[in-house]
Amino acid sequence: TTTRSRKHPFRLLVALDSNLNASGEIFVDDGEAQDSVGQGKYVLAWFKVMCNSIADITGFVCSIQSNVTHRGYYGIPNDTIVSVDIYGFGNKYFIPGVDLTQTEMTIEAIGDNETLADFQFDPYNGVLHISFLAASSALSITNDFYYAWTMEIPGSGFPVKHSHQSDTG
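If you count the sequence shown from 1, position 83 lands on 88 in the numbering used here, and the numbers rise without skipping.
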């Protein structure tokens, strides 16, 4: 039911296009009211994921950004985003001739506003899974945020960076 599902945290699923970008929106209301939009009792957030390859194609600089365009519903029992699955990374985006299933990918999280996250890359399916390890480090669907990371093939010389900014307003 809607009531039971609202008690669970959010998990974002992202499908990258051929340019390694994606965007979408999430709409949340109480699931009960007949005119939540007319009454303004809802949350509407816009998400954008962008990945830019490095000139020598040894890695990516990626980010996910959220912009909450309407905050009119405050009864969300659990507004955290505990994981993001990003589909669409394939061999064609990396160094020609390098088999990603035979190469370890380095993905690290460091930065000024460090968010504890676990990165797992599935080279067979081209999926990056990001889990936020503590409730305090999870992102929220009710706040704007910007979260960035890099992915690299070890030994490529590409620096690994991460940053996270959140607007708690």
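Each residue gets a CB set at the ideal place from its N, CA and C atoms; glycine is no exception.
Everything numeric in this text was worked out from a predicted model, so none of it was measured.
(request) With S41 as the anchor, note down where its beta strand (DSSP E) starts and where it stops. (result) For S41, no beta strand (DSSP E) encloses it; the enclosing alpha helix (DSSP H) starts and ends at 41-44.
(message) Measuring only the C-alpha atoms, how far is S156 from D40?
(response) The identity of residue 156 in the sequence shown is Met, whereas the question assumes Ser. Taking the straight line joining both Cα atoms gives about 44 Å.
(request) Note the first and the last residue of the continuous beta strand (DSSP E) segment covering V157. (result) For the record, residue 157 in the displayed sequence is Glu; it is not Val. Here the beta strand (DSSP E) through E157 covers 150-157.
(request) State whether the segment 45-58 contacts the segment 121-128, with contact taken as three or more CB pairs (one from each stretch) at a distance under 8 Å. (result) No contact exists between the segment 45-58 and the segment 121-128.
(message) Can you give me the C-alpha to C-alpha distance between I31 and G64, rounded to a whole angstrom?
(response) The alpha-carbon of I31 is positioned some 29 Å away from that of G64.
(message) Taking 8 Å as the threshold (C-beta atoms), are M55 and N26 in contact?
(response) Closer than 8 Å, so yes.
(request) Express the C-alpha separation of S71 and D117 in angstroms, rounding to a whole number. (result) Because the pLDDT at D117 is just 45, under 50, the model does not fix this residue reliably, and the point stays unresolved.
(message) Here's a check: name, in chain order, each residue in its chain whose Cβ is nearer than 6 Å to the Cβ of G29, leaving out the five neighbours to either side.
(response) Close CB contacts of G29 within its chain, under the 6 Å cut and outside five residues either way in sequence, are with F52 (chain order).
(request) Spatial neighbours of I185 within its chain, please: CB distance less than 8 Å, with the 5 preceding and 5 following residues excluded, ordered by chain position. (result) Here the chain comprises residues numbered 6 to 174, so residue 185 is not present and cannot be evaluated.
(message) Rounded to whole angstroms, what is the Cα-Cα separation between R9 and Y78?
(response) Approximately 17 Å between the Cα atoms of the pair.
(request) Could you check the C-alpha separation between T85 and I135 for me, to the nearest Å? (result) For the pair T85 and I135, the Cα-to-Cα distance works out to about 14 Å.
(request) Round the Cβ separation of S68 and Y129 to the nearest angstrom and send it over; I've been treating them as touching at under 8 Å. (result) Between S68 and Y129 the beta-carbon gap is near 25 Å, outside 8 Å, which marks them as no contact.
(request) Out of L138, N24, Y92, state which residue places its alpha-carbon closest to the alpha-carbon of L17. (result) Taking L17 as reference, the option from L138, N24, Y92 with the minimal CA-CA separation is Y92.
(request) Taking all protein chains shown into account, decide if I115 is buried (16 or more other Cβ within 10 angstroms of its Cβ) or exposed. (result) Legend: pLDDT at I115 = 43, less than 50; position of this residue unreliable, value from coordinates given subsequently. Flag for I115 reads exposed.
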